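These notes concern the structure reproduced below.
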Amino acid sequence: MQWQNLYARLEYLLMVWKEGQELQAGKYIIGKVLGQGGFGITYQALHTTLNQQVVIKTPNEYLQHDPDYDKYVKRFIKEARLIAKLSQDPHPHIVRVSDLFNEGETHCLVMEFIPGKSLFELVKQRGALPEAEAINYIRQIGDALAFVHQQGLVHRDAHPGNIMLRGKGKAVLIDFGISGELVPTTVSSMHPGNKGFAPIEQMQGYRQPTVDIYCLAATLYYTVTAERPTTSFDRKVFDAMLSPPKQLNPTISDRLNQGILQGMALEAEDRPQSMQEWLKLLEAPTIVIPPPVEKIHRQKAIRPSPKKPSTSRPRKSDARLDIVCDRTLRNLICDRFGLIALSCDV
Numbered sequence: 470m471q472w473q474n475l476y477a478r479l480e481y482l483l484m485v486w487k488e489g490q491e492l493q494a495g496k497y498i499i500g501k502v503l504g505q506g507g508f509g510i511t512y513q514a515l516h517t518t519l520n521q522q523v524v525i526k527t528p529n530e531y532l533q534h535d536p537d538y539d540k541y542v543k544r545f546i547k548e549a550r551l552i553a554k555l556s557q558d559p560h561p562h563i564v565r566v567s568d569l570f571n572e573g574e575t576h577c578l579v580m581e582f583i584p585g586k587s588l589f590e591l592v593k594q595r596g597a598l599p600e601a602e603a604i605n606y607i608r609q610i611g612d613a614l615a616f617v618h619q620q621g622l623v624h625r626d627a628h629p630g631n632i633m634l635r636g637k638g639k640a641v642l643i644d645f646g647i648s649g650e651l652v653p654t655t656v657s658s659m660h661p662g663n664k665g666f667a668p669i670e671q672m673q674g675y676r677q678p679t680v681d682i683y684c685l686a687a688t689l690y691y692t693v694t695a696e697r698p699t700t701s702f703d704r705k706v707f708d709a710m711l712s713p714p715k716q717l718n719p720t721i722s723d724r725l726n727q728g729i730l731q732g733m734a735l736e737a738e739d740r741p742q743s744m745q746e747w748l749k750l751l752e753a754p755t756i757v758i759p760p761p762v763e764k765i766h767r768q769k770a771i772r773p774s775p776k777k778p779s780t781s782r783p784r785k786s787d788a789r790l791d792i793v794c795d796r797t798l799r800n801l802i803c804d805r806f807g808l809i810a811l812s813c814d815v
């Protein structure tokens, strides 16, 4: 068995295109190998007509002896065409596909080249990222994956090595995991950034958005802790524990800690069932600011000032009325007591 694996490896190395090799009658010139997975090889290449760097992805030809190889290729072509359709209405956080062709018997998918560092490389260089920065990157990729899911696709490979950072806080999702669920279990990806980011059901060909939710939650775990999470295989088979991210980085919020753990639930039915639902778990609670209270001014009661006694002399008509009243009163008194009223003016 060891010799068979070594032979397959040597055969694989012989089939890898060499730097400087021309494709499509000189339209593309192969550069360095960017990545080697269980199913595909990714090259950097030059588009000679446009003088632009591109990425070319091909199936691993050494798998052609596998009895399911035709299935791999059919899936590769089908999903490559679906991904190319995404580029007709491009999403700002998804790599663009520009071409699909055959070079001999090898199928080739041409994609946009994104210069810069991957999220895996950034964390390796800087260590755990601050919570706000990490959520900014993950939210962009989450929006991209939600868009992918709406088109009936699942990425299945949203690990830190497949998230490129353009600068100015912009993240781009690259390298769709085409046919990843059909790769033989004896073949594993050789990219250093993907260990521990796949859910257990992905090994059985499960193709639902919850696969991407687990991958992205595991990527967020790595981004804020700088530690790869325990693999889902070890958790399922050996009951290995997944350390809460807050245990590794006490500075993160309880909200983020719980959001990561829910997204990385071992069973698919225990995770949020849509990417939008999971992203909401990462949102900070809205702080409602009450409207300003109007100031109430004390109003002083204004009482009418007391009337001053009048100093004006009575009118003449009023004086005469008083004289008449006095005479009448005097006559009544005199009459009562038998006195004779004097007719004289007062």
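Mapping of the sequence shown onto my numbering: position 240 corresponds to residue 709, and the numbering continues sequentially without gaps.
By construction, the Cβ of each residue, glycine as well, lies at the ideal position given by its N, Cα and C atoms.
For clarity, every value in this text was computed on a predicted model and none was experimentally measured.
Quick one: Cα of residue i to Cα of residue j, how far?
| i | j | result |
| --- | --- | --- |
| L711 | E746 | 22 Å |
| L515 | S701 | 39 Å |
| S648 | L598 | Low per-residue confidence applies at S648: pLDDT is 43, beneath 50, and the placement is therefore not dependable enough to give any value. |
| S528 | P719 | In the sequence as presented, Ser is not what sits at residue 528; that position holds Pro. Each residue's alpha carbon lies about 43 Å from the other. |
| S722 | L750 | 12 Å |
| I632 | G585 | 10 Å |
| V652 | Y541 | Unreliable positioning characterises V652 in this predicted model, as indicated by a pLDDT of 45, which lies under 50. The coordinate reading is nonetheless provided below. Roughly 8 Å between the two C-alpha positions. |
| V706 | D558 | 42 Å |
| V656 | G509 | Any reading at V656 is ruled out, since the residue's pLDDT is 42, under 50, leaving its predicted position unreliable. |
| F666 | P759 | 43 Å |
| K526 | D626 | 15 Å |
| R704 | A494 | 50 Å |
| V485 | T511 | 10 Å |
| I583 | L503 | 12 Å |
| E488 | H534 | 25 Å |
| A687 | K543 | 30 Å |
| Q594 | L642 | 20 Å |
| E696 | P761 | 47 Å |
| E530 | T575 | 8 Å |
| D539 | K664 | 27 Å |
| G732 | L748 | 9 Å |
Checking 8 Å against the spacing of the C-beta atoms, do residue i and residue j come in under that value?
| i | j | result |
| --- | --- | --- |
| K501 | Q513 | yes |
| R740 | I682 | yes |
| L730 | P754 | no |
| L685 | I607 | yes |
| N605 | G573 | no |
| A640 | H560 | no |
| A549 | L569 | yes |
| T694 | A709 | no |
| V579 | V617 | no |
Quick one, which of the options has its alpha-carbon nearest residue i's?
| i | options | result |
| --- | --- | --- |
| S556 | A613, A753, N726, A627 | A613 |
| Q671 | Y538, E488, A737, K547 | A737 |
| G588 | A601, H628, H576 | Note on residue identity: the sequence assigns Leu, not Gly, to residue 588. When each option's Cα is compared against that of L588, the closest is H628. |
| I546 | R595, H560, F645 | F645 |
| A734 | E752, L748, P668 | P668 |
| E752 | P761, L689, G732, R724 | R724 |
| L717 | G732, Y690, G728, A709 | Y690 |
| N520 | G732, E600, E581, Q505 | E581 |
| G630 | E491, Q505, T518 | Q505 |
| K715 | T518, Q490, E600 | E600 |
Am I right that residue i and residue j are in contact with their C-beta atoms under 8 Å? What's the rounded C-beta distance?
| i | j | result |
| --- | --- | --- |
| V564 | A553 | Not a contact, Cβ separation roughly 11 Å. |
| V623 | Q673 | The pair is not a contact, with the Cβ atoms about 14 Å apart (cut-off 8 Å). |
| A603 | T692 | 4 Å |
| Q619 | T679 | Actually they are not in contact, since the Cβ atoms of Q619 and T679 sit about 15 Å apart, beyond 8 Å. |
| Y611 | M744 | Sequence inspection shows Gly at residue 611; the Tyr mentioned does not correspond to that position. At roughly 5 Å, the Cβ-Cβ gap stays under 8 Å, so G611 and M744 are in contact. |
| I498 | T518 | At roughly 11 Å, the Cβ-Cβ gap does not stay under 8 Å, so I498 and T518 are not in contact. |
For residue i, which residues does DSSP report across the bridge?
| i | result |
| --- | --- |
| E491 | I498 |
| M580 | V524, V566 |
| S587 | M633 |
| Q513 | V524 |
| L642 | I563, I632 |
| Q505 | I510 |
| N571 | H576 |
Taking 8 Å as the CB-CB limit, is residue i close to chain D?
| i | result |
| --- | --- |
| F589 | Structure shown: chain D not included; a single protein chain is present. |
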